[in-house]
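The structure appears right after this line, and notes come after that.
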Amino acid sequence: MDTPRQVVNFGLGPAKLPRSVLLEIPKELLDYKGIAISVLEMSHSQWMFPSLGDFAGAQKNVGSAGVTVVIDRDDLLGFALRECPSVLEYKVQAGNNALCNTPPCFSIYVMGLVLEWIKNNGSAAAMAKLSSIKSQMIYDIIDNSQGFYVRPVEPQSRSKMTIPFCIVSAKGDNALEKRFLDKALELNTISLKGHRSVGGIRASLCNAVTIEDVQELAALVKKFLEMHQL
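Residue 169 in numbering that gives the first Met the number 0 sits at position 170 of the sequence shown; the count goes up by one each step and never skips.
In structure tokens, the structure reads:
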């Protein structure tokens, strides 16, 4: 049964996955495409694995953890240092159409579902447009907060995908930021704590984060501002 998601995940990774993808996974978990074997136990050397796609990977915005996308031109292959292990030498894998290691089949399977979801929802152009809309909703509040929210990145360099900000000063106010995170948790909004090396708040608006999710976050950011602004 499809039940509403109870938590909004603004984490940078593992990031939120599309709801439709999460619902598709259990359907095929025990019997992938009618071959009577689970993706979790499928060997990359078995005949059915190539149907999942050529070896590639996904990082945060395109799937689950454990894989990384690499797109390389043929003329850039073959220049690895002699010390480079074969598992990292793309020419070896591209030339033999084989792998030197056992890939995470399940993560690649999830990546395929996510890419299909992106394609069905307008492809990369639509994702880019949504990223602009979503990020602007948060940046507008930060920019008009009269210094209550401080952005550590200049406007010309800031990301449409990941929005870091501090409260009151560039170094942040630990007490206020903890209060903000606690309030977010009360609203079932998680993974907003900034990276441990820089602190602050960090909202990652990955593709699966919806406009409605960001509207909820924007409401929290605005309400917290109104509660504490002098």
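Cβ atoms here follow ideal geometry from the backbone N, Cα and C, with glycine treated the same way.
The model shown is predicted, which means the values in this text are computed figures rather than measured ones.
Distance between residue j and residue i (C-alpha atoms, nearest Å)
i	j	result
His194	Lys15	17 Å
Lys118	Met126	10 Å
Arg157	Leu21	30 Å
Asn187	Ser203	16 Å
Gly199	Leu87	35 Å
Glu82	Cys205	36 Å
Leu39	Val208	26 Å
Asp74	Asn100	24 Å
Val220	Lys182	10 Å
Gln214	Ser190	16 Å
Ser19	Glu115	11 Å
Gly77	Asp139	47 Å
Ser63	Phe179	28 Å
Leu184	Asn143	25 Å
Ala35	Glu27	10 Å
Gly230	Ile210	The question about residue 230 has no answer here: the residues shown for the chain are numbered 0 through 229.
Ala218	Pro154	22 Å
Gly94	Val66	21 Å
Ser106	Tyr31	14 Å
Ser37	Leu29	5 Å
Glu102	Glu225	Note on residue identity: the sequence assigns Pro, not Glu, to residue 102. Taking the straight line joining both Cα atoms gives about 49 Å.
Leu112	Lys192	29 Å
Val109	Pro13	13 Å
Val91	Gln135	44 Å
Secondary structure of residue i, DSSP reduced to three states
i	result
Ala127	helix
Ser203	strand
Pro163	strand
Asn60	coil
Leu143	Reading off the sequence, residue 143 comes out as Asn, not Leu. Note: Asn143 maps to coil in three-state DSSP.
Val20	helix
Lys192	strand
Asn100	coil
Asn120	coil
Val68	coil
Per-residue burial, residue i [other beta carbons within 10 Å of its own, 16 or more giving buried]
i	result
Ser196	exposed
Ile70	exposed
Phe223	buried
Gly171	buried
Glu176	buried
Asn60	buried
Which residues DSSP lists as bridging residue i, in chain order
i	result
Ile132	According to DSSP, Ile132 bridges with nothing at all.
Asn187	DSSP output for Asn187 lists no bridge partner at all.
Tyr108	Per DSSP, none; premise fails for Tyr108.
Tyr253	Since the displayed the chain opens at 0 and closes at 229, residue 253 lies outside it and no answer follows.
Asn8	Ile189
Segment contact flag, the region 137-155 with the region 167-186, C-beta cutoff 8 Å, min 3 pairs:
yes
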